[in-house]
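Below is one structure, written out as C-alpha cells, with a few remarks after it.
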Amino acid sequence: RKRPDVITTTDWLAPVIWEGTYKTQVLEKYYKRLNITIGLVVWATGKFAGEHLKQFIQSANKHFMIGYHVIFYIMMDDFSTLPPIELGPLRTFKLFTIASERKAWEDLNVVLMKNLNGYIKEHIQHEVNFLFSMTINQLFQNDFGVETLGKSVAQLHAWWYFENAKKVPYERRPNSAAFIPFGKGDFYYDSAIFGGTPREVLTFTAEYQKAVTNDTKNGLSSTYECHLNKYFFINKPTKLLSPEYSWDPTFRTPPQIKHVKIAQQSKRV
C-alpha cells in the first residue's frame, strides 16, 4: 500500500522489493537470530580486474549485508591482477581460479557457470546460507541488505521493466532451449544479479549448461540472459529485486526509482 506506483507482488505471490516495501528492523531481528553467512561471487576476468575489482569490492564492503558474515568469492583467470583488498569485520574473501579449458563452442558465460557449479559443490554450499552472483561492472551505492534474501532471487531489468512487454528480447526461435513464445513471459530479468540458496544457484548453473549443449546440437546460440529468463519463466523466483537494485544511471530516472542500491557501470570502460 505504500508503493501503489509499482508492482509489489507477482501473480505467483512472490514479493517485489522496492524502497518502502519492507521493514528493516523486523527483518534484522529475524536474520540476526539465525547467524547466517552470505556469499557474493564476482567474476574478475581480462580487463575487468585490477581497478574494476578494487572498486567493486570497496563498494560491496561498505554496503553489502552490513552486520552479517560475508564471504566474497573472487573468480579470476589471472591472480597477478588482484589489487590490495581491505575488508571490514565479519567479512573475508576467497580466490578461485577460472579453469580456462573450453570446448570450441563454449563462450565465457558457459565457462564461468561450469566453474561456479564445481565450486558450489566443492566448497561454497558448505560455507554460506545464501549466495549471490554479480557482474563486476556495478558499484554499490546504498545498503543491499537481508530484504533481498530468498530461496531464488531474480533481478528485474532496469530498462525492460519500464518498456512495453511485447518488445522484451526473449529468445523467440522455437528450436532453442531458451524459447519463450510471444504472449508469454512474466518479466525480463537482468543477468547482472541473481541469487538464492546455494542449492538453487547450483541448479541454475546445471540447467544452463544443459540448455546451451542442446542449442549447440541444434546449431543454435542464444544469450546467457535469454537462458536465465527461460529458467525463471519455468522455475518462478521466490523474490524479485526492483530495478532500484541494479540501475543504469545513463537512463532518465523515473519517479518509481527512489533509492538506487547499485549503479551499473559502462561495460566499455
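Those letters in the sequence shown? Residues 31 to 299, per this note's numbering, in order.
Glycine included, every Cβ here is placed at the ideal spot set by N, Cα and C.
Own chain residues within Cβ distance below 7 Å of residue i, not counting five before or after
| i | result |
| --- | --- |
| V183 | F224, G225, G226, P267, K269, L271 |
| T122 | I101 |
| Q185 | Y219, D220, A222, I223, F224, L271, Y275, S276 |
| A44 | K266, P267, T268, K269, L270 |
| P228 | I150, I154, Q155, V158, L161 |
| S252 | E201, S206, A208, D245 |
CA-to-CA distance, residue j to residue i, given in whole angstroms
| i | j | result |
| --- | --- | --- |
| R298 | I104 | With a pLDDT of only 42 at R298, under the threshold of 50, the placement of this residue in the model should not be trusted, and no figure is reported. |
| Q295 | H153 | 30 Å |
| A195 | F217 | 8 Å |
| E193 | V72 | 29 Å |
| T111 | Y149 | 21 Å |
| L138 | H82 | 18 Å |
| A188 | N248 | 32 Å |
| Y52 | T127 | 38 Å |
| A90 | L120 | 13 Å |
| G50 | I287 | 11 Å |
| G213 | M164 | 29 Å |
| R203 | F170 | 36 Å |
| A74 | Y254 | 17 Å |
| M106 | Q88 | 17 Å |
| E237 | L142 | 14 Å |
| K32 | T54 | 15 Å |
| K62 | V198 | 39 Å |
| P114 | A129 | 23 Å |
| P34 | P211 | 30 Å |
Own chain partners of residue i with C-beta closer than 6 Å, once the 5 adjacent residues on each side are dropped
| i | result |
| --- | --- |
| L146 | T235 |
| D108 | none |
| T233 | none |
| D278 | A188, Q294 |
| K84 | P113 |
Nearest-angstrom beta carbon gap, residue j and residue i [assumed within contact, 8 Å]
| i | j | result |
| --- | --- | --- |
| L70 | F209 | Actually they do not touch by this definition, with Cβ atoms about 31 Å apart. |
| K144 | Q239 | 6 Å |
| Q168 | A293 | 7 Å |
| E157 | T67 | 7 Å |
| L140 | V242 | The sequence given here places Val at residue 140; Leu does not occur at that position. The Cβ separation is near 5 Å, so the contact holds. |
| L258 | N205 | About 19 Å separates the two Cβ atoms, so there is no contact after all. |
| Y200 | C256 | 6 Å |
Buried or exposed (CB count within 10 angstroms, at least 16 for buried), residue i
| i | result |
| --- | --- |
| I47 | buried |
| T280 | exposed |
| P273 | buried |
| W42 | exposed |
| K260 | buried |
| V56 | exposed |
| D24 | The displayed coordinates of the chain run from 31 to 299. Any statement about residue 24 would go beyond what the structure contains. |
| G180 | buried |
| L125 | exposed |
| Y60 | exposed |
| A207 | buried |
| T39 | exposed |
Best match in the options for proximity to residue i [C-alpha to C-alpha]
| i | options | result |
| --- | --- | --- |
| G215 | L57, F263, P113, L117 | F263 |
| E177 | L125, M106, K260, E58 | E58 |
| F174 | P119, M95, G50 | M95 |
| E118 | F109, Y98, L125, D107 | According to the sequence shown, residue 118 is Gly rather than Glu. Out of F109, Y98, L125, D107, Y98 has the C-alpha closest to the C-alpha of G118. |
| L64 | K124, F160, P114 | F160 |
| F86 | E116, Y60, P228, Y191 | E116 |
| G76 | D278, I166, K32 | I166 |
Sequence-distant residues of its chain with Cβ nearer than 8 Å to residue i (five each side left out)
| i | result |
| --- | --- |
| G172 | According to the sequence as given, residue 172 is Asn; it is not Gly. Around N172: H93, H289, V290, K291. |
| V36 | V46, W48, S272, Q286 |
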